[in-house]
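Heads up, the thing below is written out as structure tokens.
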Amino acid sequence: MSSNFTKARHSLKTDFNKFIRLRDTRGQSCQCISCGKRVSYGTKDCQAGHYYPGISIYRALEFSEINVNVQCFKGDYEFQGNQFNYEKGLIKKYVKSVIDKLVLQAHNKSKLDIALCMILKKQYKEKWQELERKYLPKFKL
Ligand SMILES: [Zn+2]
Numbered sequence: 008m009s010s011n012f013t014k015a016r017h018s019l020k021t022d023f024n025k026f027i028r029l030r031d032t033r034g035q036s037c038q039c040i041s042c043g044k045r046v047s048y049g050t051k052d053c054q055a056g057h058y059y060p061g062i063s064i065y066r067a068l069e070f071s072e073i074n075v076n077v078q079c080f081k082g083d084y085e086f087q088g089n090q091f092n093y094e095k096g097l098i099k100k101y102v103k104s105v106i107d108k109l110v111l112q113a114h115n116k117s118k119l120d121i122a123l124c125m126i127l128k129k130q131y132k133e134k135w136q137e138l139e140r141k142y143l144p145k146f147k148l
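Read in my numbering, the sequence shown has 63 at position 56, and its numbers run on one by one without any break.
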């Protein structure tokens, strides 16, 4: 993969993760998907954690809104995703059929390219900006 693609993907990730953090915490706080710990928006503990990790074999789910949820730092890093408890959290948050669909998609080939990264980046930027206006009106310019 070209470095331009890597850059575009990284740039998308910034906006996607910000959207996930604002979606789940509503700009305040929420429970970690895998351990239930309360995490506050804007802290180190507020990670956008993957159920299927963002590694090459699961690339198709790297930017899946179901696959990525707010997770505490410990759960995201120390326990390498804490997958068993993460699954329990997913089932609590979504319906089982949604998780089944995710499992089916897990080994799909990623369709992501530079153009799609740029489109998605724009969409997620608009999404998080909307959430920020809704939940954090003090940041309005
Ligand atoms: Zn946790």
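Yeah, the Cβ is synthetic: ideal placement off N, Cα and C, and Gly gets one too.
Tyr-84 versus Arg-140 - alpha carbon distance
Looking at the two C-alpha atoms, the distance is approximately 30 Å.
Give the DSSP-derived three-state secondary structure of Gly-56 in the structure shown.
In the structure shown, the three-state DSSP call for Gly-56 is strand.
Are Asp-31 and Lys-128 close, meaning C-beta to C-beta below 8 Å?
In this structure, Lys-128 does not lie closer than 8 Å to Asp-31 by Cβ.
Apply the 10 Å Cβ neighbour rule to Gly-96 and answer buried if 16 or more other Cβ atoms are within range, or exposed otherwise.
By the C-beta density criterion, Gly-96 is buried, having at least 16 other C-beta atoms within 10 angstroms.
Exercise answer, beta-carbon shell around ligand 1 heavy atoms below 6 Å
For ligand 1, the residues with a Cβ under 6 Å from any of its heavy atoms are, in chain order, Cys-39, Ser-41, Cys-42, Lys-44, Gln-78, Cys-79, Lys-81 and Gly-82.
What whole-angstrom Cβ distance do Tyr-142 and Arg-33 have, given they're in contact under 8 Å?
Arg-33 and Tyr-142 do touch by the CB rule: their CB atoms are close to 5 Å apart, below 8 Å.
Are the beta-carbon atoms of Lys-25 and Trp-135 separated by less than 8 Å?
In contact: Lys-25 and Trp-135 (Cβ atoms closer than 8 Å).
What is the rounded straight-line gap between the Cα of Asn-11 and the Cα of Thr-50?
Near 30 Å, if we compare the C-alpha coordinates of Thr-50 and Asn-11.
Between which two residues does the beta strand (DSSP E) holding Ser-18 run?
Element bounds for Ser-18: not the beta strand (DSSP E) but the alpha helix (DSSP H), 10 to 32.
Given Ile-40 as reference, the closest of Arg-66, Val-110 and Tyr-93 once Cα atoms are compared
Of Arg-66, Val-110 and Tyr-93, the residue nearest in Cα terms is Tyr-93.
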